[in-house]
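What follows is a single structure, written as structure tokens, with notes after it.
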Amino acid sequence: MRVSLVRSAFLALLLAIGPVWAAKKPVTIHDVVTVHPASIPSPNWRPDGQAFAYEENGRVWLYDVAARNETEWFDADKLTKKRNEIQPKNSSRPFNWQNRRVDTSGMQWFPDGKSLLVPAPGGLFVINAGNAKPKETIADIREDNVPTLSPDGRSVLFRKDSNLFVRNLVSRKTAQLTSDGTSTLLNGQLDWVYPEELDLGTAFWWSPDSKWIAYMRFDVSKEFIYPHSDLLGLRAIYEPQRYPQAGTPNAEVKVGVVSVDGGPTTWMEVGDTANTLIVRVNWLPDSRALGIQRMNRIQNCLDFLLADAASGSVRTVLSERDKFWINTDDDLRFLSAKPDFVWSSERSGFRHLYLYSEDGKLLRQLTSGNWQVNKVIALNEETGYVYYTSTEASPLQDQLYRVSLKGGAPERLSRSSGMHAIFSDEHGRNYLDTFSSLTSPPQSTLHNGSGAQLAVFRSADRTIENEYQILPEEAVTVHLKDGTILYAHLIKPYHFEPDSKYPAIVFIYGGPQAQVNHDAWGGISWEQALADRGFVIWKLDNRGSVGRGHLFESPVYREMGRVELSDQRAGIEKLLSMGFVDKDRIGIYGWSYGGYMTLYSLLHAPDLFKAGIAGAPVTDWHNYDTIYTERYMGLPSENPEGYKKSSDVLAAGDLQSKLMIVCNFEDDNVLFQNTMQMMSALRRANKQFEFMLYPQKTHGVTGDLREPMLEQMTEFFERNLKGNGK
2 MRVSLVRSAF LALLLAIGPV WAAKKPVTIH DVVTVHPASI PSPNWRPDGQ
52 AFAYEENGRV WLYDVAARNE TEWFDADKLT KKRNEIQPKN SSRPFNWQNR
102 RVDTSGMQWF PDGKSLLVPA PGGLFVINAG NAKPKETIAD IREDNVPTLS
152 PDGRSVLFRK DSNLFVRNLV SRKTAQLTSD GTSTLLNGQL DWVYPEELDL
202 GTAFWWSPDS KWIAYMRFDV SKEFIYPHSD LLGLRAIYEP QRYPQAGTPN
252 AEVKVGVVSV DGGPTTWMEV GDTANTLIVR VNWLPDSRAL GIQRMNRIQN
302 CLDFLLADAA SGSVRTVLSE RDKFWINTDD DLRFLSAKPD FVWSSERSGF
352 RHLYLYSEDG KLLRQLTSGN WQVNKVIALN EETGYVYYTS TEASPLQDQL
402 YRVSLKGGAP ERLSRSSGMH AIFSDEHGRN YLDTFSSLTS PPQSTLHNGS
452 GAQLAVFRSA DRTIENEYQI LPEEAVTVHL KDGTILYAHL IKPYHFEPDS
502 KYPAIVFIYG GPQAQVNHDA WGGISWEQAL ADRGFVIWKL DNRGSVGRGH
552 LFESPVYREM GRVELSDQRA GIEKLLSMGF VDKDRIGIYG WSYGGYMTLY
602 SLLHAPDLFK AGIAGAPVTD WHNYDTIYTE RYMGLPSENP EGYKKSSDVL
652 AAGDLQSKLM IVCNFEDDNV LFQNTMQMMS ALRRANKQFE FMLYPQKTHG
702 VTGDLREPML EQMTEFFERN LKGNGK
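To get my numbering, take the position in the sequence shown, counting from 1, and add 1.
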């Protein structure tokens, strides 16, 4: 009996501590591809800011702020079948190289807040609140026509065959606004490079009074044609893409205004655009004028113009100049009550907000400090607050603040340390805050405009955290000799022993417009899978990356690679000083700019890296697009030495490490030409390397091909950093 009692007590103890004692599953490559946390839907706010619609699992729901509840509205899948997300099959028609950053028309509220306009592949649907059945269907206007509802809810603007049309929803009459559209003259239609590098998602805009349409016309006839080919079918298909490479002509862009009833277009007098860029177009609240932001080609001069919609005449309101370059933003906000506007600028070295009058007079600076405003979220003229996110708390965090238009200290509204993605109605009356940190999975909470939490919209999904062995991601600081602080993240292997020596893999991006380290939940990732296999994972944001202000970005100006590698070297020295990394077994991996930096690092620092995988790498900046490349490098004709020093192709003979290159054959962003030139140079220099080629028409390898790709890349690091393929 005594033995039985002891056994029972032991079993009870095991049951009590079981959830803690039980081993969690290691992260596998298969998990990286197939296991995903529950997604948190994005809200589509009703015009009054008191409710929002959202789509989840093919169904559309309505959340009422006052009632704090959500009800199912209609089944979106029943309106029409979803598009097939599989890669397009070989056919007799060339692939349409539409940029993935172009806005697509989602659900749009009618101004009375009683109905939704829902574009779908099979037609355009109007659905009333409280009624799941379509009120009406317009079959000849589909989502690929980019239908956009007028502010008064009476008409729909859409595009077809490079021309613009307006359908009156009451009379059912259609007015054709433009008729000269062709394959190279695009009315209200963006080329490939504008959305990619200027984050411009559309090329047409309704006036607030619904009487006029402003649109951009792209003449792409002089843009360079890159000769993609689809080789998967019985016969190869020529699939040309207009892709302006550095130093070649950009599209010539005009801005026009046309009546909703049709008639002649009034062209805004913005000057010759062969060597300038129209980076933003906004209507003023009273519909009398357009705010147009124009840059010179190398993007170190920005003019903010006010264009009279009726006559096309233009006057300059203010100008920005920078000795490096100027970054674009979407922070401009016009006040309705008086002719003032909120403007953001990096003139101090950090992006901050300013209040101007319409005649270009600075009224006051709204924010200041050695931190940056990341994004303007909303403007509430009634309360007098501008809502924005910033790095004031930490360069690794994004917190929500508001500041008065009258001046004064900003007020922080978000509380928890970490990253806060804010989804607000345009006036900041209510918002959803989707938050995560290094130690907390994403959760979403509902708040009012004062920041008070009203409800939990989605609790954190801890399924992955509870089932899988998610290794801690530690924040590390690296101090350069000049006092600059760099931020890095470290993942130690499973069953880490401080006295052991481990192989390490440096994950790198390194270039402008990106930041790899945030105080945000990582969850299941390839980094976790590699750490489970015994690798130390190291990620560092060098100078040139975003999040630290314009001055932190600028050292890469006119010579890519050099400063980035110098900072990465300092980071690796910090890593080695911790004592648990084998200096002779360090690898490096990156994609896109990270692929470029992987090659650059292997070629210029063979003492640091034994092996590297370069994914979709830019190998020579002559090959990349005009707007991105010339922003940082200048024109090839004006900076030949910088282009030469930054070229991986020209340094191919210096390769001493093990190398794998991975890419898609029809990558629309980093063209296959980059990889082909690199391989040719390596062959001529008698350098050995491994190569994996995929057939997709995208920048990343996706779908069924991703898992075998990750398996092969993992095996490459196992073999070259551990000496085995297991």
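The C-beta atom is built at its ideal place from N, Cα and C for all residues, glycine as well.
Query	Result
Could you work out which residue in Tyr644, Tyr216 and Asp399 is closest to Leu414 when comparing CA atoms only?	Asp399
Would you list the one or two residues that DSSP bridges to His421?	Phe436
So, is Asn518 buried or exposed, given that buried needs 16 or more other C-beta atoms within 10 angstroms?	buried
Give every residue of the same chain whose Cβ lies closer than 7 Å to the Cβ of Tyr644, excluding the five residues on either side of it in the sequence, and list them in chain order.	Trp622, His623, Met634 and Pro637
Residue range of the alpha helix (DSSP H) that Trp622 falls in?	First-last for Trp622: undefined, no H or E at that position.
Apply the 10 Å Cβ neighbour rule to Asn132 and answer buried if 16 or more other Cβ atoms are within range, or exposed otherwise.	exposed
If the criterion is Cβ atoms closer than 8 Å, does the pair Ala532 and Tyr590 meet it?	no
Per DSSP, what are the beta-bridge partners of Ser320 in this structure?	Asp304
Please report the residue range of the alpha helix (DSSP H) in which Asn467 lies.	Thr464 to Glu468
Among Val374, Arg334 and Ser337, whose alpha-carbon lies nearest the alpha-carbon of Gln353?	Correcting the residue type first, residue 353 is His in the shown sequence and not Gln. Nearest of Val374, Arg334 and Ser337 to His353, Cα basis: Val374.
Helix or strand or just coil, what does DSSP make of Leu186?	strand
List the endpoints of the continuous beta strand (DSSP E) containing Gln294.	Ala290 to Asn297
Find out if the Cβ-Cβ distance for the pair Arg168, Thr175 is shorter than 8 Å.	yes
Considering just the uninterrupted stretch of the alpha helix (DSSP H) at Ala571, what are its terminal residues?	Arg563 to Ser578
So Gly124 is in the alpha helix (DSSP H); what residue range does that whole segment cover?	From DSSP, Gly124 is part of no alpha helix (DSSP H) but of the beta strand (DSSP E) over Gly124 to Asn129.
On the DSSP bridge list, what partners appear for Met693?	Val663
What are the boundary residues of the alpha helix (DSSP H) that Glu198 is part of?	Val194 to Leu199
With DSSP run on the structure shown, which of helix, strand or coil describes Phe166?	strand
Consult DSSP for Lys493 and reduce its assignment to one of helix, strand or coil.	coil
Just verifying my parser: in three-state terms, what is the DSSP assignment at Ile238?	strand
Let me confirm a value: Ser156 is counted as buried when at least 16 other C-beta atoms fall within 10 Å, else exposed. Which label applies?	buried
Based on DSSP bridge pairs, tell me the residues matched to Trp268.	Gly257
Can you look up Leu367 in the DSSP assignment and give me helix, strand or coil?	coil
Have a look at Ser451 and Asp32 and give me their C-alpha separation to the nearest angstrom.	41 Å
Are the beta-carbon atoms of Arg295 and Val271 separated by less than 8 Å?	yes
Which residue or residues does DSSP assign as beta-bridge partners of Ile506?	Ile538 and Gly588
Between Leu307 and Arg316, which are expected to be in contact by the criterion C-beta below 8 Å, what is the C-beta distance as a whole number of angstroms?	6 Å
Give me, in chain order, the residues of the same chain whose beta-carbon lies closer than 6 Å to that of Ala686; leave out the 5 immediate sequence neighbours on both sides.	Ala653 and Gly654
Pull up the distance between the alpha-carbon of Gly370 and that of Phe351, whole angstroms please.	8 Å
Per DSSP, what kind of secondary structure is Lys723 in: helix, strand or coil?	helix
Could you pull out every residue in the same chain whose Cβ sits closer than 6 Å to the Cβ of Phe111, ignoring the five residues on either side in sequence?	Gly154
Looking at C-beta atoms only, is the number of pairs between the stretch 375 to 386 and the stretch 497 to 505 that lie closer than 8 Å three or more?	no
Can you check which of these residues, Ala612, Arg243 and Leu125, is closest to Phe690 by C-alpha distance?	Ala612
Assess contact between the stretch 217 to 224 and the stretch 246 to 256, defined as three or more Cβ pairs (one per stretch) separated by less than 8 Å. Is contact present?	yes
Let me know if Thr627 comes out buried or exposed under the rule of 16 or more other beta-carbons within 10 Å of its beta-carbon.	buried
From the DSSP output, in three-state form, read off Asp331 for me.	coil
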